Amino acid sequence: MSQVLVIAEHLNGKLNSSTAKAVTCAAQIGEVHIAVLSDSPAAVAAEAAAIEGVTKVLTVENAANANTLAAVLAPQIAALSNGYTHLLMPSTTFGKDVLPRAAALLGRPQVSDIMEVVDAQTFKRPIYAGNVITTVKVPAGLAIGTVRTASFKATALTGGSAAIEAASISVDLPSHTRFIELQAAVSERPDLQSAERVVSGGRGVGSEENFKIIYDFADKLGAGAGASRAAVDAGFCPNDMQVGQTGKIIAPGLYIACGISGAIQHITGIKDAGVIVAINKDPDAPIFEVADIGLVADLFEAIPEIEAALG
Amino acid sequence: MKILVGVKRVIDYNVRVQLKSDGSGVETNGVKMSVNPFDEIAIEEALRIRESGVEAEIIAVSIGTKDAQQQLRTALAMGADRAVLLETDSEVQSLDAAKALLSIAQKEEVDLVLVGKQAIDDDANQTGQMLAALWGRPQATFTSELTIADGKAKSLREVDAGLELIEVDLPALITVDLRLNEPRFVKMPDIMKAKRKPLDTIAFADLGISESPKLETVAYEPPPVRQAGAKVADVPALIAALKDKGVL
Ligand SMILES: Cc1cc2nc3c(=O)[nH]c(=O)nc-3n(C[C@H](O)[C@H](O)[C@H](O)COP(=O)(O)OP(=O)(O)OC[C@H]3O[C@@H](n4cnc5c(N)ncnc54)[C@H](O)[C@@H]3O)c2cc1C
Ligand SMILES: Nc1ncnc2c1ncn2[C@@H]1O[C@H](COP(=O)(O)O)[C@@H](O)[C@H]1O
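Chains as they are written, first to last, in the numbering used here: chain A, 39 to 349; chain B, 25 to 272.
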């Protein structure tokens, strides 16, 4: 029987939605434990213990774990993985930063962006911005991977009653890396990675001021707000809104792309969306090749009209 | 200071990749190859550090076939001082790539290793972090702003929650993100000059690194295609279609 250790992602004492998605992947492999590394893990551990099907939560309490520094976390995670058959983290910037460092300490390869579990040692993952799907087999021994969160629905956050245990590990932690600050974009809107609806704007929106039309539209729909890289690069909106190969990979039920041409690197980020809507004034924009519903229109005319129709 | 930059030869990002007809891999025959876009940003950043007045020697390193010399020449034309090809005809996975780059970093006693946040062929996003782990040195991944001073580097990192600022002691490993800079275009005279810059070749096998366990790729397949839907004539039709699909 496989024993899978999932490392919890959390911020400000709250579990990140990516964790429950990684748990879904883990549960397809074997028995699932979650580890919470933090300066004060209690609240997050309680949340993790309530996730359906999780049988144990390990906590590592250490002031050094107040921030997610890979150089500090990786040796602890490597030590925690002892005795497990699998070590998983979500394929968020957190998992991407930390897990390869732990894998190298363990001398093991890492499967990035697991999108499907074929069997306990075999996984599907995308390469070339999702244009090719490969099936890879992990050599005998500990399997390490990041989980492509858009490929797995979150496991129910209630119903579990896992035992919470303080893990005792002793590893030397480095002091060569120091956290200074996190400039978190404050937004009242739903988190992009878990939002059921997302409205995104591209270069076609034209300016930072104009992006208000995207935010207002998102608020009208109770949606998260996203963007293309071109929009972020042009300074229309913050970087954490970027959707795509090198931004966030998302899977909302409804995705509305406004003034986005549909470059392959952007499409990669929305392939798993339920319904894709494109509003673009160019009838030949490649976004229409993937959109379920396309509207050839000026976004500055179409969006107010949609809002008016929604009442 | 000495800076090592990773330069991977990959299929150009504008190419629509195709599977080989027998499904045994991705077609690279007759396909345009380029420097991994993130690695161009890494080279550019090294150049800017030097141009800011820091005395720096920039060494571009690529692991790959003889053909990767082309990408190293591009790095030299951009302004790197010298290049090293770690030549092999075999696939080199991230952990071994990390070991190989590290062996050069240690031999050259570099202060900074700059690599891309990911190679756009395997999209692995691992090599830098693995190198830093094996080196026992700090890492600053997804860097979109970098300041070097007093033996330290400050990195503004693009993370899901926003922007994170960290400080690391040198030597350190930095992986670069798209917004760090915009790489310069190479000019004809620079291409000519680059031909005279040193490009050494070391057989990968002669590096003496211990081979790591490897992932085995057992199948390649195209992704499931999304059927394009239909265009609607106007906003009322759009709303009707959304209601029809049950998302409104
Ligand atoms: C290595 C690499 C990684 C990348 N990663 C990403 C990524 O993660 N995410 C990403 O998005 N991109 C990424 N890109 C960039 C990508 O290639 C495209 O350049 C980018 O997605 C284009 O953004 P856009 O569609 O907003 O802009 P454009 O391609 O300029 O398209 C703007 C669109 O707006 C339309 N438009 C203009 N005005 C209006 C109007 N008034 N009403 C309606 N429509 C209008 C135009 O018809 C056009 O189709 C990456 C590129 C590279 C090289
Ligand atoms: N074969 C290689 N040659 C040179 N650099 C490499 C090679 N493989 C990986 N790298 C470096 O590591 C980065 C991340 O690659 P990856 O982990 O494969 O996504 C790349 O952007 C390169 O800078």
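C-beta: ideal position from N, C-alpha, C; glycine also. Predicted model, so just to flag it, every value in this text is computed and none were measured.
Alpha-carbon spacing of residue i relative to residue j, whole angstroms
i: residue 165 of chain A; j: residue 222 of chain A; result: 30 Å
i: residue 189 of chain B; j: residue 196 of chain B; result: 15 Å
i: residue 343 of chain A; j: residue 213 of chain A; result: 56 Å
i: residue 136 of chain A; j: residue 339 of chain A; result: 45 Å
i: residue 181 of chain B; j: residue 133 of chain A; result: 14 Å
i: residue 165 of chain B; j: residue 264 of chain B; result: 45 Å
i: residue 54 of chain A; j: residue 105 of chain A; result: 14 Å
i: residue 169 of chain B; j: residue 204 of chain B; result: 5 Å
i: residue 193 of chain A; j: residue 231 of chain A; result: 15 Å
i: residue 228 of chain A; j: residue 88 of chain A; result: 22 Å
i: residue 99 of chain A; j: residue 118 of chain A; result: 13 Å
i: residue 78 of chain A; j: residue 205 of chain A; result: 14 Å
i: residue 253 of chain A; j: residue 283 of chain A; result: 23 Å
i: residue 245 of chain A; j: residue 266 of chain B; result: 28 Å
i: residue 247 of chain A; j: residue 286 of chain A; result: 23 Å
i: residue 25 of chain B; j: residue 269 of chain B; result: 60 Å
i: residue 101 of chain A; j: residue 110 of chain A; result: 11 Å
i: residue 347 of chain A; j: residue 301 of chain A; result: 30 Å
i: residue 114 of chain B; j: residue 228 of chain B; result: 10 Å
i: residue 108 of chain B; j: residue 172 of chain A; result: 31 Å
Ligand 2 heavy atom lying under 8 Å from the CB of residue i
i: residue 141 of chain B; result: yes
i: residue 285 of chain A; result: no
i: residue 294 of chain A; result: no
i: residue 87 of chain B; result: yes
i: residue 32 of chain B; result: yes
i: residue 146 of chain B; result: yes
i: residue 149 of chain B; result: yes
i: residue 116 of chain B; result: yes
beta-carbon residue i near ligand 1 non-hydrogen atom, thresh 8 Å
i: residue 62 of chain B; result: yes
i: residue 252 of chain B; result: no
i: residue 241 of chain A; result: yes
i: residue 281 of chain A; result: yes
i: residue 144 of chain A; result: no
i: residue 58 of chain B; result: no
i: residue 232 of chain B; result: no
i: residue 337 of chain A; result: yes
Interface flag, residue i vs chain B, CB-CB below 9 Å
i: residue 169 of chain A; result: yes
i: residue 166 of chain A; result: yes
i: residue 239 of chain A; result: no
i: residue 121 of chain A; result: no
i: residue 80 of chain A; result: no
i: residue 334 of chain A; result: yes
Inter-residue CB distance, residue i and residue j (contact presumed, cutoff 8 Å)
i: residue 290 of chain A; j: residue 234 of chain A; result: 6 Å
i: residue 95 of chain A; j: residue 202 of chain A; result: 5 Å
i: residue 99 of chain B; j: residue 200 of chain B; result: That belief does not hold up - the Cβ atoms of residue 99 of chain B and residue 200 of chain B are roughly 14 Å apart, past 8 Å.
i: residue 50 of chain B; j: residue 244 of chain B; result: 7 Å
i: residue 124 of chain B; j: residue 215 of chain B; result: Contact doesn't hold; Cβ gap of about 27 Å is too wide.
i: residue 92 of chain B; j: residue 118 of chain B; result: Actually they are not in contact, since the Cβ atoms of residue 92 of chain B and residue 118 of chain B sit about 17 Å apart, beyond 8 Å.
i: residue 73 of chain A; j: residue 43 of chain A; result: 6 Å
i: residue 148 of chain A; j: residue 141 of chain A; result: 4 Å
i: residue 272 of chain A; j: residue 241 of chain A; result: 6 Å
i: residue 309 of chain A; j: residue 250 of chain B; result: 7 Å
i: residue 116 of chain A; j: residue 143 of chain A; result: 4 Å
i: residue 156 of chain B; j: residue 139 of chain A; result: 6 Å
i: residue 281 of chain A; j: residue 297 of chain A; result: Incorrect: roughly 13 Å between the Cβ atoms, too far for contact.
i: residue 262 of chain B; j: residue 271 of chain B; result: In fact, because the Cβ distance is near 11 Å, the residues do not count as touching under 8 Å.
i: residue 158 of chain B; j: residue 126 of chain B; result: 6 Å
Minimum Cβ-Cβ distance from residue i to chain A less than 9 Å
i: residue 117 of chain B; result: yes
i: residue 207 of chain B; result: no
i: residue 161 of chain B; result: yes
i: residue 170 of chain B; result: no
i: residue 68 of chain B; result: no
i: residue 53 of chain B; result: no
i: residue 127 of chain B; result: no
i: residue 153 of chain B; result: yes
i: residue 243 of chain B; result: yes
i: residue 246 of chain B; result: yes
Chain D residues whose Cβ lies nearer than 9 Å to that of residue i
i: residue 30 of chain B; result: Any reference to chain D falls outside this structure, whose protein chains are A and B.
Ligand 4 heavy atom lying under 8 Å from the CB of residue i
i: residue 121 of chain B; result: Of the ligands this structure carries, namely ligand 1 and ligand 2, none is ligand 4.
Would you check if the segment 131 to 143 of chain B and the segment 54 to 70 of chain B touch, i.e. whether three or more CB-CB distances between them fall below 8 Å? Yes: at least three Cβ pairs fall under 8 Å.
Closer than 8 Å is the cut-off here; do at least three beta carbon pairs connect the segment 56 to 67 of chain A with the segment 172 to 188 of chain A? The segment 56 to 67 of chain A and the segment 172 to 188 of chain A touch, with no fewer than 3 CB-CB distances between them shorter than 8 Å.
Segment contact, 8 Å Cβ cut-off, at least three pairs: the segment 79 to 86 of chain B with the segment 127 to 137 of chain B: Yes, since at least three Cβ pairs between the segment 79 to 86 of chain B and the segment 127 to 137 of chain B fall closer than 8 Å, the two stretches touch.
Below 8 Å, can you find three or more Cβ-Cβ pairs linking the segment 105 to 119 of chain A to the segment 155 to 164 of chain A? Segment contact: the segment 105 to 119 of chain A against the segment 155 to 164 of chain A, fewer than three CB-CB distances shorter than 8 Å; contact not assigned.
Pairs of beta-carbons, one from the segment 307 to 321 of chain A and one from the segment 223 to 230 of chain B, closer than 8 Å: are there three or more? No contact exists between the segment 307 to 321 of chain A and the segment 223 to 230 of chain B.
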